[in-house]
Amino acid sequence: MQDEAALRREMVDICRRMNATGLNQGTAGNLSIRSGDGLLITPSALPYDEMEPDDIVAMGFDGRYQGPRRPSSEWRFHRDILARRTDVDVVLHCHSVHATALACHHRAIPSFHYMTCVAGGTTIRCAPYATFGTQALSDHAIAALEDRTACLLGQHGQIALGKTLKQALWLANEVETLARIYIHALALGEPPVLSDAEMENVMLQMRLRGYGLNSEVEAPHQSQNHT
Numbered sequence: 007m008q009d010e011a012a013l014r015r016e017m018v019d020i021c022r023r024m025n026a027t028g029l030n031q032g033t034a035g036n037l038s039i040r041s042g043d044g045l046l047i048t049p050s051a052l053p054y055d056e057m058e059p060d061d062i063v064a065m066g067f068d069g070r071y072q073g074p075r076r077p078s079s080e081w082r083f084h085r086d087i088l089a090r091r092t093d094v095d096v097v098l099h100c101h102s103v104h105a106t107a108l109a110c111h112h113r114a115i116p117s118f119h120y121m122t123c124v125a126g127g128t129t130i131r132c133a134p135y136a137t138f139g140t141q142a143l144s145d146h147a148i149a150a151l152e153d154r155t156a157c158l159l160g161q162h163g164q165i166a167l168g169k170t171l172k173q174a175l176w177l178a179n180e181v182e183t184l185a186r187i188y189i190h191a192l193a194l195g196e197p198p199v200l201s202d203a204e205m206e207n208v209m210l211q212m213r214l215r216g217y218g219l220n221s222e223v224e225a226p227h228q229s230q231n232h233t
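Per our numbering, the sequence shown runs over residues 7 to 233.
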């Protein structure tokens, strides 16, 4: 993993890209990454275009933090997810428009499109609503993320996980794109869904190809048999 100074710089860059691409707006959303024995997390109520690497807050899993700035008000689910999910190192939360629109209806994203499986399953679940910053919201998020790397938060937004900051940003954009397509598809009626068996097949193919991951799986080599 990169050193802390490099992680801080990349976090600022990713946050600014979130807003520049329309994935997030204003001071909404937050970002964290595992670092040492704790995590680094974006500060509370500071616009991303004003944020500098030194504004990123270093936090322990005991909830204590260092520095002049307070951690994001959503620090609980960042801490709790990273504490429980040793398979990921990054938690990205944003209020992307289409994913949030579905979340306002407490509507999960079904397997209407094969790409739904980028979050690790046949659906992208929607967690029940709970007040922002509370332990209840954290508990709901953890349940919705079981065996998944993304979820919606009821009447709130979305969470995307990753091994790296870029991977989490990629996944958040995929979730937002799926949400936008699903909303358009719903205008024509409830779309058909792919079977669980087909989704398992798609997930297998994605794992073999390392789709969206820093995979060690190699692409097939061209045959050297010229007979």
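For each residue, glycine too, the CB sits at the ideal point set by N, CA and C. In this text the structure is predicted, and so the values were computed from the model without any measurement.
- Note on geometry: alpha-carbon atoms of K172 and V94 lie some 12 Å from one another.
- When DSSP states are grouped into helix, strand and coil, Q72 belongs to the strand group.
- Taking the CA atoms as reference points, H112 sits about 20 Å from G126.
- Counting C-beta atoms within 10 angstroms of its own C-beta, S38 has 16 or more neighbours from the protein chains shown and is therefore classed as buried.
- Taking a cut-off of 8 Å on C-beta distances, the stretch 154-167 touches the stretch 81-94, as three or more cross pairs fall below it.
- In the structure shown, Q164 adopts extended strand secondary structure according to DSSP, grouped into three states.
- Between the stretch 135-150 and the stretch 56-69 there are fewer than three inter-stretch CB-CB distances shorter than 8 Å, so the stretches are not counted as touching.
- Residue environment analysis places P77 among the buried positions, since at least 16 neighbouring C-beta atoms fall within 10 angstroms of its C-beta.
- A straight-line Cα-Cα distance of about 13 Å links R186 and M121.
- Ranking S102, L13, T33 and L52 by CA distance to the CA of Q161 puts S102 first.
- Distance between Q141 and R82, taken at the CA atoms: about 7 Å.
- DSSP places M24 inside the alpha helix (DSSP H), whose first and last residues are E10 to A26.
- The C-beta distance from E80 to S41 rounds to 18 Å, too long to meet the 8 Å contact threshold.
- Excluding the 5 residues flanking it on each side, E182 has same chain C-beta neighbours closer than 7 Å at L29, S102, H104 and A105, in chain order.
- Going by DSSP, I39 is part of the beta strand (DSSP E) stretching over N36 to S41.
- If you ignore the 5 residues before and after R90, its C-beta comes within less than 8 Å of the C-beta of I148, all in its own chain and listed in chain order.
- Beta-carbon to beta-carbon, L46 and R15 are separated by about 11 Å, too far to satisfy the 8 Å threshold.
- Excluding five sequence positions before and after S117, the CB atoms of its chain that fall closer than 6 Å to its own CB belong to T128, V199, L200 and M205, given in chain order.
- Considering only G73, F67, R75 and Y71, the residue with the shortest C-alpha distance to I87 is F67.
- H111 carries a coil assignment under DSSP once its states are collapsed to helix, strand and coil.
- Rounded to the nearest angstrom, the gap between the Cα atoms of N36 and M17 is 10 Å.
- Beta bridge pairing from DSSP links M65 with L45 and Y71.
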